[in-house]
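Residue numbers (full-length UniProt numbering): 1 to 345.
Glycine included, C-beta positions come from ideal geometry on N, C-alpha and C.
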Amino acid sequence: MAEERHHTEHIPQWKKDEIENIKELIQSHKVFGMVRIEGILATKIQKIRRDLKDVAVLKVSRNTLTERALNQLGESIPEMTRYLDNQTALIFTNESPFKLYKLLEQTKTPSPIKAGAIAPEDIIVQKGPTSFPPGPILGELQSAGIPASIDAGKVAVKETKVVCKAGEAVPQKLATMLSKLEIYPLIVGLDLRAAYDAGTIYGPELLAIDEGKYFSDIIRAAKNAFNLSVNTAYPTSATIGTLLAKAYAESKNLGVNAVILEPGVMDALLAKAHVQMTSVASKAADKDANAVDEDLREVLGAAASAAAAVAPAAAAEVKKEEEPEEEEDDHSEEDGMAGLGALFG
C-alpha cells in the first residue's frame with residue numbers, strides 16, 4: 001500500500017488531470033468507444049472532430065493513461081482495456097452504439113497511399129486518357145509500371161493493369177504516380193473497435209447493420225403475418241376490417257353465382273343478366289343476319305325453280321279449260337237456230 005502511494009505521488013499533475021478528465025467524460029456520457037486512428041493525418045482527425053462536435057466528443061490520449069482511468073472506474077469498464085492497441089482514441093456520445101458506428105463509418109473517405117504502405121487490396125489502374133499533356137510524365141508513369149503512351153495529344157494509359165497486389169508494399173514511384181492520377185486506394189476514417197453501453201460491450205461485427213435490409217425484413221414479416229391472419233380467418237384488430245370485407249365479398253359472389261334473389265345482390269344479378277342478354281342478343285343478331293341472307297337466297301332460288309317447272313303445266317291447263325267453253329257456246333248457238341227453223345218452218 002505504501003509502495004502504491006509512493007508511486008502515485010510521483011505521477012505528474014497533468015497526467016492526474018488527464019485521467020480524471022477521461023473518467024469524467026465516461027461518467028457524463030451514455031456510451032463511450034475506442035477507435036483506431038493509426039495512419040490518419042492530424043488534419044483529418046481535426047476535421048472529424050469538428051464534424052462530430054454536435055453528437056460526440058473525440059479525445060486522443062496515451063494508452064497508459066486511458067488504462068488507468070478505466071481500471072479506477074471498476075465494474076465491467078476495465079474489460080475495455082483489451083481494445084487498447086497501438087494508436088487509439090476515445091469517443092463519447094449519448095447516442096446508441098449503432099448510431100455511433102454509423103456516424104464513424106460516414107467519416108471514412110478515399111485517401112492516397114504512402115510509399116511503403118501495404119496495399120489493402122489489389123491496386124488497379126484503368127485504361128483510358130489522362131489530363132496530362134505529353135512530357136516527362138510519360139516516362140514517370142512507365143517507370144512506375146503503368147503502361148502509358150500518347151493518344152490525341154494527351155498521355156493515356158494503354159491497358160488496365162494491376163500495379164500492386166494486395167499485401168504488397170507500394171513502391172515510392174508508384175505511390176507518387178497514383179496520387180497524380182488521383183487514384184486513392186485507402187479508405188481512411190475512424191474504425192470503431194468496441195463500444196460500451198450500460199455494462200455491455202459491442203464489437204463492430206454486431207453494430208454493422210444494413211438498415212435498409214433490416215427495415216425491408218420487418219416490413220416483409222409484417223405483411224406475411226397479416227396475410228397469414230387473413231387466410232386463416234384469425235381476427236385481430238389489424239385484420240378484422242379486411243376479414244369482414246372478404247366475408248362480404250364472398251357472400252355476395254355466392255349469392256350472384258347461385259342466383260339468390262336477395263336485396264343485397266339484386267343489383268349485381270340485374271347487371272349480370274343485362275350483360276348476358278346483351279351478349280346473346282349481339283351474337284343472335286350476327287347469326288340471324290347471315291342466316292336470313294342465306295335462307296332468302298335459298299327460298300328465292302327454290303321459288304324460281306318451282307315457278308319455271310309449274311308454268312307450262314299451268315298454261316296447258318288453262319288452255320284446256322278454255323276450249324270446252326267455246327264449243328259449248330257454238331252448240332248452243334246452233335241448237336238455237338235449229339229450234340227457230342223448226343218453229344217457223
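Query, Result
"Cα separation between L104 and K59?", "14 Å"
"Return the Cβ separation of G135 and A156 in integer angstroms, given the expectation that the two are a contact with Cβ distance under 8 Å.", "Not quite, the Cβ-Cβ distance comes to about 13 Å (not below 8 Å), so this is no contact."
"Are any of the Cβ atoms in chain C nearer than 8 Å to that of N21?", "Any reference to chain C falls outside this structure, which holds one protein chain only."
"I'd like the span of the beta strand (DSSP E) that includes A89, first residue to last.", "88-93"
"Output needed for S229: all residues of its chain with C-beta closer than 7 Å, excluding positions within five of it in sequence on either side, in chain order.", "T236, T239"
"Since D85 is in the alpha helix (DSSP H), which residue starts that stretch and which ends it?", "Element bounds for D85: n/a, residue is neither H nor E."
"From A69, I124, N224, pick the residue whose C-alpha is nearest to that of L178; which is it?", "I124"
"Where does the unbroken beta strand (DSSP E) through P110 begin, and where does it stop?", "109-111"
"What would DSSP say about I11, mapped onto helix, strand or coil?", "coil"
"Judging by CA-CA distance, which residue of K252, N21, A69, Q172 is the nearest neighbour of residue 355?", "Residue coverage of the chain in this structure runs from 1 to 345, which leaves residue 355 outside it and unanswerable."
"Shortest alpha-carbon distance to K180 belongs to which of A117, A166, E140, K213?", "E140"
"CA-CA distance, L186 and A169?", "13 Å"
"Taking DSSP's pairing of strands, which residues face F32 in a bridge?", "F92, Y196"
"Which residue marks the beginning of the beta strand (DSSP E) containing I187, and which one marks its end?", "186-188"
"Using 8 Å as the threshold, is the C-beta distance between K114 and A175 below it?", "yes"
"To the nearest angstrom, report how far apart D85 and I218 are at their CA atoms.", "38 Å"
"Look at the alpha carbon of I201 and the alpha carbon of A194, and state the distance between them as a whole number of angstroms.", "7 Å"
"Thinking just about the alpha-carbon of each residue, which of A245, E20, T107 is nearest to the one in Q46?", "T107"
"Rounded to whole angstroms, what is the Cα-Cα separation between I11 and A89?", "22 Å"
"Measure the CB-CB distance between A56 and K23 and report whether it falls below 8 Å.", "no"
"How many angstroms separate the CA atom of A307 from the CA atom of D267?", "In this prediction, A307 scores a pLDDT of 46, lower than 50, which makes its location untrustworthy; the coordinate-derived value is nonetheless stated afterwards. Straight-line Cα distance between these residues: approximately 57 Å."
"Is V31 near S96, with beta carbons less than 8 Å apart?", "yes"
"In three-state DSSP terms, what is I209?", "coil"
"Let's see if you can read the secondary structure: which residues bound the alpha helix (DSSP H) around A156?", "Where A156 is concerned, there is no enclosing alpha helix (DSSP H), although the beta strand (DSSP E) it sits in stretches over 154-157."
"With C-beta atoms as the reference, is T109 less than 8 Å away from L100?", "no"
"So who's on the other strand from Y202, going by DSSP bridges?", "A195"
"Buried or exposed for I146, going by 16 or more other Cβ atoms inside 10 Å?", "buried"
"At 3 residues or longer, and completely inside the segment 21-68: list those beta strand (DSSP E) runs for me, N to C.", "31-36, 56-60"
"Quick one: grab the DSSP three-state call for D151.", "strand"
"Are the CB atoms of D191 and R36 nearer to each other than 8 Å?", "yes"
"How would you call Y196, buried or exposed, if buried means at least 16 neighbouring beta carbons within 10 angstroms?", "buried"
"For G203, which residues of its own chain have a beta-carbon under 6 Å away from its beta-carbon, when the five flanking residues on both sides are left out?", "A194"
"Any heavy atom of the ligand GDP closer than 7 Å to the beta-carbon of V275?", "This structure does not include the ligand GDP; it has no bound ligands of any sort."
"Does DSSP put K16 in a helix, in a strand, or in coil?", "helix"
"For the alpha helix (DSSP H) holding K102, just list the boundary residues, first then last.", "97-105"
"Tell me the rounded alpha-carbon separation between Y234 and N71.", "56 Å"
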